[in-house]
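Numbered per UniProt numbering, the sequence shown spans residues 3 to 636.
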Amino acid sequence: TTEIASLEAQLQKLDVSTPIPPYNAADFLVNPIDIYRAYLADTVAAILPIVNPQLVYDSIQWTNNPAHGDLIVVTPKLRLKGTKPAEIVVNLVSKFPPSKLFSKPTASGIHLQVCFSPETLPQLLIPYILDRRSAYGSDAVAGLRDRSKPTSAKKKIIVEFSSPNIAKEFHAGHLRSTIIGAYISNLYKIMGWEVVNMNYLGDWGKQFGLVAIGWERFGSEEAFKNHPLSHLLEVYVKASALFKKEKEKVEETKARKEDTSELESQGIFAERDAFFSRLEAREPDALALWRRFRDISIQRYTEVYARLNTFFDDYSGESQIDPKTIDKVQRLLTEKGVLEESNGALLIDFKKHGAKKMDVAIVRNRQGTSTYLLRDLAAVLEREEKYGFDKIIYVVSSEQDMYLQRLFKSIELMGFNTLASKLQHINFGKVQGMSSRMGKVELLGDILDKCGEKTHEKMKENEVKYKQVEDPVTTADTVGISAMMVQDMTGKRVHDYPFDFERMTSFEGDTGPYLQYSHARLCSIMRKSGYTNEDLQKADLSLLREKAAIETLRLLAQYPDVTHTAFKNLEPTTIVGYLFKLTHQISSGYDNLRVVDIREGRDVSIARAAYYDCARQVMFNALSLLGIKPVERY
Ligand code: ARG
3 TTEIASLEAQ LQKLDVSTPI PPYNAADFLV NPIDIYRAYL ADTVAAILPI VNPQLVYDSI
63 QWTNNPAHGD LIVVTPKLRL KGTKPAEIVV NLVSKFPPSK LFSKPTASGI HLQVCFSPET
123 LPQLLIPYIL DRRSAYGSDA VAGLRDRSKP TSAKKKIIVE FSSPNIAKEF HAGHLRSTII
183 GAYISNLYKI MGWEVVNMNY LGDWGKQFGL VAIGWERFGS EEAFKNHPLS HLLEVYVKAS
243 ALFKKEKEKV EETKARKEDT SELESQGIFA ERDAFFSRLE AREPDALALW RRFRDISIQR
303 YTEVYARLNT FFDDYSGESQ IDPKTIDKVQ RLLTEKGVLE ESNGALLIDF KKHGAKKMDV
363 AIVRNRQGTS TYLLRDLAAV LEREEKYGFD KIIYVVSSEQ DMYLQRLFKS IELMGFNTLA
423 SKLQHINFGK VQGMSSRMGK VELLGDILDK CGEKTHEKMK ENEVKYKQVE DPVTTADTVG
483 ISAMMVQDMT GKRVHDYPFD FERMTSFEGD TGPYLQYSHA RLCSIMRKSG YTNEDLQKAD
543 LSLLREKAAI ETLRLLAQYP DVTHTAFKNL EPTTIVGYLF KLTHQISSGY DNLRVVDIRE
603 GRDVSIARAA YYDCARQVMF NALSLLGIKP VERY
């Protein structure tokens, strides 16, 4: 294809023989390191008595530590009988021919360590990145892929995330789900999947009955008009307070294993359940109230999600499930003999189905109304009908680990093994002390406001710089939100972390503001240089010799491998950790790699600018992948 041809033309200029040797799993148009892997595999295969060079290609790994080279050949994987791996390595070192692409390799036990030649790396990599720009690191861009390979139809995924409950607090669990979910959605998109962002609202159930009970007593049209979300929350909080004593009594009684039906048939308990029964019976009055609350919540949420760069394709929710599908689920479970009756309720005893730890779960309430689990089961069937997905990822806190296991197991028990295998739970740990450190916050908008305010305060501390920022309030908002997001994505998902308001908004250390600052600095270098993209395309990159630049380029070359690793583990920290490594490296080179007013002359200046523009582009791509809006001035 023409894209491959232009790569090969470039290689020929560097005196590298072409065509690029083909290997399975090599994607030369997407990953520049694959080009190196292919030539390395050929070189190694020519030295050793090897029949199948693909075996060599598959034994090459990239390294996390630049001191260990850029690529290593793991020689035991070559499966050469009769020679010790360490001896193979020594043999390879002594016979490795001089190369335009590689420096002389070194031996490290069973590993052959190979470095990209600093002579040719800039000329190979910089045009590669500048040709791809925002597509660098992604697999998805049409026309970029090697067209000689069969392209399978796009796969479809539903990423279900955020999913707050109407009239209730937007807590740290919803916040993390929103951040991690958006990231996973972005990842699947750049890997060429068709992605549906779904918000599964908690807008049904007995809890919604409680909101309605509260509205009758404490609702104010005036307050609802002015601040709908906070007023609904206020109503819910008051209703819960009213309900508290009754609820405790029922729980105590349950704990004593005594019957609670008497207690549940009176007071707020009965009122709440009656309202939910009216909803499930689709009574117009009840539905009208529910719809008002739902519509305004979606409208307000959409505005706030935009500040997080997050958009949903489908605001589904527990309320949206068709009662017919609910009945179908019940019928299927009954037919499979897994539903049991107990005290008027219907349940699944997972212990009887090879899942001891999952214990028992109620599927239908004693009042005949549906449960969270029953609605979720029906939702799977409806999503299959509507979207025909290849996969659903549920981004939900670890607190619901058991719940989601039950959900997936129940799909299996209905006889849908293939369907069940398409469902995946991505979980995450808790945030400690968010409210206590930020002051009382209960709505997403308030959380974001606080992050912006705090960052604004910090920006004011540096008066000179502050005066240069054009729109400090907007910048503070964006940077403050990235501060919070980077804090959230720095550790592994499953780990709990303490909310540290001071640290996360600091400009020093591995923080969001530091990343934003580094990106803005690169933007500023490009602005001040005044070079056009055309100038950069024509740069004489053989002039780029400084060690600091080469070290950065070695990291930039890894970016496609990094996004592929992230795609496998779905850990935001894979990208965040890479970004910190990269920014530290770029920063260490500023003094020796100045662009404006340098005595080395214009050609060197342009070569350096091209280098900085690649660094800026990769930072931009990685920040965007995380769902962060990169700022240009700050
Ligand atoms: N609304 C739920 C909550 O706040 C989360 C929904 C998770 N998704 C699901 N399909 N159950 O706890």
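The C-beta atom is built at its ideal place from N, Cα and C for all residues, glycine as well. Being a predicted model, the structure only gives us computed values, none of them experimental.
With H, G and I counted as helix, E and B as strand and the rest as coil, what does DSSP make of residue i?
i, result
"Glu342", "strand"
"Phe582", "helix"
"Gly145", "Because the pLDDT at Gly145 is just 48, under 50, the model does not fix this residue reliably, and the point stays unresolved."
"Trp64", "strand"
"His113", "strand"
"Arg366", "strand"
"Gly204", "strand"
"Tyr317", "strand"
"Ser150", "In this prediction, Ser150 has a pLDDT of 49, which is less than 50 and means its spatial position is unreliable; what the coordinates show is noted afterwards. Residue state, collapsed to three classes: coil."
"Pro124", "helix"
"Ala427", "Looking at the sequence itself, residue 427 is His, so the reference to Ala does not match. Strand at His427."
"residue 648", "A question about residue 648 goes unanswered here, because the residues of the chain that appear run from 3 up to 636."
"Asn199", "strand"
"Asn33", "coil"
"Pro51", "coil"
"Gln332", "helix"
"Asn228", "helix"
"Asn93", "helix"
"Asn188", "helix"
"Lys256", "helix"
"Phe278", "helix"
"Ala243", "helix"
"His176", "helix"
"Lys15", "helix"
"Leu445", "coil"
"Gly482", "helix"
Between the beta-carbon of residue i and the beta-carbon of residue j, is there less than 9 Å?
i, j, result
"Asp185", "Ile483", "Before going on, a small fix: residue 185 reads as Tyr here, not Asp. No, the pair does not count as a contact, with Cβ atoms beyond the cut-off."
"Gly216", "Lys247", "no"
"Pro120", "Ser101", "no"
"Ile394", "Gln426", "yes"
"Arg495", "Leu376", "no"
"Leu203", "Ile300", "yes"
"Pro574", "Asp490", "yes"
"Leu13", "Ile22", "yes"
"Thr480", "Val306", "no"
"Asp72", "Arg556", "yes"
"Val620", "Tyr59", "no"
"Asn201", "Ser318", "yes"
"Ile630", "Gly514", "yes"
"Gln332", "Arg284", "no"
"Leu82", "Gln539", "no"
"Leu383", "Ser412", "no"
"residue 1", "Val46", "With the chain covering only 3 through 636, there is no way to say anything about residue 1."
"Arg559", "Arg610", "It is Ala, not Arg, that sits at residue 559 in the sequence shown. Not in contact: Ala559 and Arg610 (Cβ atoms no closer than 9 Å)."
"Leu50", "Tyr130", "no"
"Leu31", "Ser61", "no"
"Arg385", "Ile160", "yes"
Assuming the contact rule is C-beta atoms closer than 8 Å, residue i and residue j should be a hit. Round their C-beta distance to whole Å, please.
i, j, result
"Ser399", "Arg596", "That belief does not hold up - the Cβ atoms of Ser399 and Arg596 are roughly 48 Å apart, past 8 Å."
"Leu415", "His355", "6 Å"
"residue 637", "Tyr499", "With the chain running from 3 to 636 in the structure shown, residue 637 is simply not present."
"Tyr519", "Ile128", "Not a contact, Cβ separation roughly 24 Å."
"Arg169", "Leu234", "Correcting the residue type first, residue 169 is Ala in the shown sequence and not Arg. Indeed they touch by this definition, with Cβ atoms about 4 Å apart."
"Glu162", "Tyr396", "5 Å"
"Val471", "Leu545", "35 Å between Cβ atoms; not a contact."
"Phe278", "Thr371", "6 Å"
"Arg618", "Met528", "6 Å"
"His113", "Val92", "No, His113 and Val92 are not in contact; Cβ-Cβ is about 12 Å, not under 8 Å."
"Val198", "Tyr41", "About 40 Å; that fails the 8 Å criterion."
"Val362", "Leu349", "6 Å"
Quick one: what's residue i bridged to in DSSP?
i, result
"Thr108", "Gln115"
"residue 2", "An answer regarding residue 2 cannot be provided, because it is not within the stretch 3 to 636 covered by the chain."
"Ser372", "Arg366"
"Glu162", "Met200 and Tyr396"
"Pro500", "Gln434"
"Asn26", "Per DSSP, none; premise fails for Asn26."
"Asn167", "Gly204"
Taking only beta-carbon atoms, is residue i less than 9 Å away from chain D?
i, result
"Thr492", "Here there is only one protein chain, and chain D is not present."
Say the cut is 8 Å; is the CB of residue i nearer than that to a heavy atom of the ligand NAD?
i, result
"Leu177", "This structure does not include the ligand NAD; its bound ligands are the ligand ARG."
Item to check | Whole alpha helix (DSSP H) elements within the UniProt domain "DALR anticodon binding" (517-636), 4-residue minimum | outcome: As far as the UniProt domain "DALR anticodon binding" (517-636) is concerned, its whole alpha helix (DSSP H) runs of at least 4 residues are 535-539, 549-571, 574-591 and 604-627.
Checklist entry - What beta strand (DSSP E) runs, 3 residues minimum, are completely inside the region 67-91? => result The region 67-91 contains, as complete beta strand (DSSP E) runs of 3+ residues, the segments 73-76 (chain order).
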